[in-house]
Amino acid sequence: MVSTIQNTDVKQKDADHAVVVAITSHAAFESGADDGDAVYREGVAFPLLQALQKVNERLLEENPAESLLFDVILITTDSQQQQQSSRVISSTRHYGLEVSRFCFSSEEDFIESLQKNNVKLFLTTDTNEVTQASQTGVVSVLLDQQTAVCSSEQLRVMFCGDAVIRPDTGPMPLTRQAAQSFSTQLGEMRQKFGMFDSPLSFILVTSHGGRESCRGALQMLRSRGVSVDEAYCLAGAPRGPMLSLVQPHFLLRDGYSSLEE
Amino acid sequence: MSEIKPNESAPAPAEDNGEEKDWAAAKAFFDNLKTHKPRPPKPRYAVTIAVSSRTLFNMVAERKIYEEEGVEKYVAYQLENENEPLKPGAAFPFVKALMNVNSRLRKLYPDSEELFDIVLMTNNHAQVGVRLINSINHYDLTIERFCMTGGQSPIGYLKAYMTNLYLSKDSEKVGEAIEEGIAAATMFMPKTEMELSDTQLRVAFDGDAVLFSDESEIIVKKHGLDTFFQHEKEFENKPLAQGPLKCFLEALGKLQRKFYAKDERLNCPIRTFLVTARSAASSGARVLKTLRSWGLEIDEALFLAGAPKGPLLQKIKPHIYFDDQMFHIEGAKELGTISAHVPYGIGQKYNRGKLIEPEKKE
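Residue numbers (this note's numbering), protein chains in the order written: chain A, 31 to 291; chain B, 50 to 411.
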């Protein structure tokens with residue numbers, strides 16, 4: 031059973047143009063065992079939520095009538111948190127998070143919430159949820175402790191240069207199509223800002239290939255409306271030290287299942 | 050500073066499984082390429098040289114647009130001219146010479162990762178990267194690794210790439226790198242072009258405040274030459290402390306020994322020079338003894354006893370010459386030597402022997 035509650039603190043977005051991002055309350059909030067009725071503590075996705083909010087703020091600054099905005103909805107599948115649905119809502123309000131709707135559903139039918147809400151990006155800390163959502167063609171990302179240290183001022187989206195340019199062989203899997211159209215929408219948002227001081231940044235990391243892979247990826251992304259800001263071509267150099275500097279919020283796997291790796 | 054990398058023969062540390070996987074995948078990628086491009090070496094064992102886009106290529110006109118018309122116009126210009134290869138910059142001959150050493154090393158040691166690794170390290174926006182890559186392709190340079198930071202500081206990335214030497218046109222970044230313990234220098238394009246060797250990498254170093262610390266220079270500036278001579282004689286047997294480029298000389302020496310081991314000493318494609326204002330008779334001994342105590346060899350040591358360096362450098366024809374004093378850099382440039390300023394030590398506070406008054410800040 032799925033129930034949806036609107037957040038009256040926040041202005042609802044234009045359903046035809048907004049980009050819906052669903053995030054689980056597990057990712058947004060840390061629930062302790064004996065917190066009682068207190069407000070939840072910040073979860074790993076907090077900086078990410080703030081960064082999404084920052085993008086919206088800046089988009090509206092450029093154009094107060096802007097409709098291409100992020101529409102963030104909070105999905106609660108955890109039965110314990112469901113029982114404390116008012117706590118989820120009050121915590122959201124407490125932190126002033128720009129969440130427009132709350133969806134409460136069970137593990138079995140949270141997919142329904144994703145579909146009903148036309149979700150373009152699903153963020154969760156649960157690997158099973160990622161697999162399930164990907165299988166239905168929704169771009170899904172697994173968040174973890176790394177996400178917690180990312181910027182809250184700039185949304186940093188990473189693309190992998192090794193995957194982008196592989197030629198199409200056969201029908202496009204659902205997730206791939208979804209990832210491509212999502213990245214095009216992000217590209218559109220990015221265009222509204224200048225070269226520097228943008229609240230949204232695209233980073234290309236090529237791990238195995240060399241400059242040809244990198245160039246191919248830059249041009250391929252460009253043709254899809256994604257103008258990459260930062261590019262790192264490693265050609266086999268260790269990835270760890272680089273990624274800890276780049277600190278992307280998530281990787282958009284334009285070609286492959288998000289569980290590869 | 051810029052610690053020397055481990056030997057390949059030494060037992061490898063317990064490595065990150067992820068690191069090995071990435072390396073193996075890159076190896077497979079390059080081995081499968083139809084073009085048989087040489088694959089880049091493992092950073093852990095390589096001598097990594099990071100060059101900025103403005104030192105690798107001549108981007109003077111583009112820079113002008115950036116400064117006068119702003120970043121958006123600059124990037125637009127680069128995009129419009131994407132298929133127009135850039136002209137070579139100050140570090141170009143140096144990079145070609147490094148590539149030549151690599152091909153000689155690969156012939157003698159086909160399985161070794163102890164090679165030069167050239168990385169493009171630029172603040173540029175990634176869209177400009179397409180033109181940079183097109184230009185690299187045009188000259189067929191073996192540069193497969195790069196960082197285009199889109200405006201962020203490159204310092205962290207220099208460390209992440211285990212950089213042994215960083216060359217840039219931006220003296221601020223170079224200064225920061227040196228403070229972080231990375232050998233670095235600001236490059237200058239000479240007014241006239243010199244014909245350089247295409248079979249041998251020739252690197253010239255100043256001594257004090259480049260290979261060695263500035264301790265002796267401090268004495269000259271504060272107490273004059275006579276005190277300096279006395280001091281150097283007295284402490285002849287006490288090695289000088291290290292300077293910012295010492296580890297780079299050490300890395301060059303390590304590669305040189307690989308050629309000596311295969312009986313290629315006479316035909317070694319790396320040659321190093323010390324060009325110092327010290328005089329052989331009085332203060333020179335300490336320098337040679339210091340090098341010896343470090344186990345380092347330098348091929349030719351030239352003691353000028355204060356004579357101008359320009360004419361001598363013209364004869365040496367190095368691919369790069371490192372000095373800490375702008376006065377010498379200018380002299381070298383005038384006569385066609387590609388020079389690189391190392392902003393380190395007390396020499397930065399002086400201009401032509403006179404103390405620069407610090408600007409009064411409001």
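Cβ coordinates follow ideal geometry from the N, Cα and C atoms, glycine included.
For residue i, the nearest candidate out of the options (CA to CA)
i: LEU172/A; options: THR54/A, SER33/A, GLY246/A; result: THR54/A
i: THR198/B; options: LEU207/B, ALA140/B, ALA146/B; result: LEU207/B
i: ASP189/B; options: LYS338/B, VAL144/B, LEU315/B, PHE376/B; result: VAL144/B
i: GLY73/A; options: PRO94/A, VAL179/A, SER97/A, MET188/A; result: VAL179/A
i: MET211/B; options: LYS54/B, THR171/B, SER217/B; result: LYS54/B
i: ILE319/B; options: ILE347/B, LYS295/B, GLU379/B; result: ILE347/B
i: LEU3/B; options: VAL324/B, TRP343/B, VAL336/B, LEU340/B; result: Only positions 50 to 411 of chain B appear in this structure, which leaves residue 3/B out of reach.
i: PHE280/A; options: MET250/A, SER243/A, LEU234/A, GLU138/A; result: LEU234/A
i: LEU98/A; options: VAL50/A, SER116/A, ALA57/A, GLY240/A; result: VAL50/A
i: GLU60/A; options: ASP174/A, ALA261/A, GLN207/A, THR205/A; result: ASP174/A
i: ARG307/B; options: PHE237/B, TYR158/B, GLN279/B, LYS86/B; result: It is Lys, not Arg, that sits at residue 307/B in the sequence shown. Comparing Cα-Cα distances from LYS307/B to each of PHE237/B, TYR158/B, GLN279/B, LYS86/B, the minimum goes to TYR158/B.
i: SER182/A; options: LEU79/A, ALA57/A, THR38/A; result: LEU79/A
i: GLN114/A; options: PHE212/A, ARG88/A, ALA247/A, HIS56/A; result: HIS56/A
i: THR106/A; options: ALA52/A, LEU127/A, THR166/A, PRO94/A; result: ALA52/A
Residue burial classification, residue i (beta-carbon count within 10 angstroms, cutoff 16)
i: THR215/A; result: Residue 215/A is actually Gln in this sequence, not Thr. Answer is buried; the Cβ neighbour count reaches 16.
i: ARG186/A; result: buried
i: SER288/A; result: With a pLDDT of only 31 at SER288/A, under 50, the local geometry of the prediction cannot be trusted, and the value read off the model is given with reservation. Per the 10 Å Cβ criterion, buried.
i: GLU129/B; result: exposed
i: LYS311/B; result: exposed
i: ILE378/B; result: buried
i: ILE195/A; result: Per-residue confidence for ILE195/A stands at a pLDDT of 47, beneath the threshold of 50, marking its modelled position as unreliable; the derived number appears in the next sentence. Its Cβ being crowded by 16 or more others within 10 Å, ILE195/A is buried.
i: GLY191/A; result: buried
i: PHE226/A; result: exposed
i: VAL109/B; result: exposed
i: HIS174/B; result: buried
i: GLY256/B; result: buried
First through last residue of the beta strand (DSSP E) which encompasses residue i
i: TYR210/B; result: Taken as a continuous stretch (DSSP letters only), TYR210/B belongs to no beta strand (DSSP E), as it is neither H nor E.
i: HIS124/A; result: Taken as a continuous stretch (DSSP letters only), HIS124/A belongs to no beta strand (DSSP E), being part of the alpha helix (DSSP H) at 115-124.
i: SER231/A; result: 230-236
i: THR235/B; result: 233-237
i: PHE152/A; result: 149-154
Contact check, residue i vs residue j, beta carbons under 8 Å
i: LEU245/B; j: HIS368/B; result: yes
i: PHE297/B; j: ILE365/B; result: no
i: PHE152/A; j: VAL129/A; result: no
i: GLU281/B; j: SER332/B; result: yes
i: ASN147/A; j: ILE119/A; result: no
i: LYS222/B; j: PRO239/B; result: no
i: ASN149/B; j: THR248/B; result: yes
i: THR276/B; j: ILE268/B; result: yes
i: SER184/B; j: LEU135/B; result: yes
i: ALA75/B; j: ALA265/A; result: yes
Proximity test, Cβ basis, 8 Å: residue i and chain B
i: ALA267/A; result: yes
i: HIS279/A; result: no
i: GLN165/A; result: no
i: ILE195/A; result: Note on ILE195/A: pLDDT 47, under 50, position unreliable in the model; no value is reported.
i: LEU282/A; result: no
i: CYS180/A; result: no
i: VAL258/A; result: yes
i: GLY217/A; result: no
i: TYR23/A; result: What is shown of chain A runs 31 to 291, which leaves residue 23/A out entirely.
i: SER275/A; result: The identity of residue 275/A in the sequence shown is Leu, whereas the question assumes Ser. Yes, LEU275/A lies at the interface with chain B (some Cβ there is under 8 Å from its Cβ).
i: ASP245/A; result: The identity of residue 245/A in the sequence shown is Arg, whereas the question assumes Asp. At least one chain B Cβ lies under 8 Å of ARG245/A.
i: PHE226/A; result: yes
Cutoff 8 Å: residue i Cβ touching any chain A Cβ
i: MET197/B; result: yes
i: TYR206/B; result: yes
i: ARG194/B; result: yes
i: ALA290/B; result: no
i: GLU412/B; result: Because chain B is modelled from 50 through 411, residue 412/B falls outside the range shown and cannot be assessed.
i: HIS174/B; result: yes
i: ILE167/B; result: no
i: ALA226/B; result: no
i: GLY355/B; result: no
i: ALA99/B; result: no
i: PHE322/B; result: no
Enclosing alpha helix (DSSP H) for residue i [first to last residue]
i: SER161/B; result: Element bounds for SER161/B: n/a, residue is neither H nor E.
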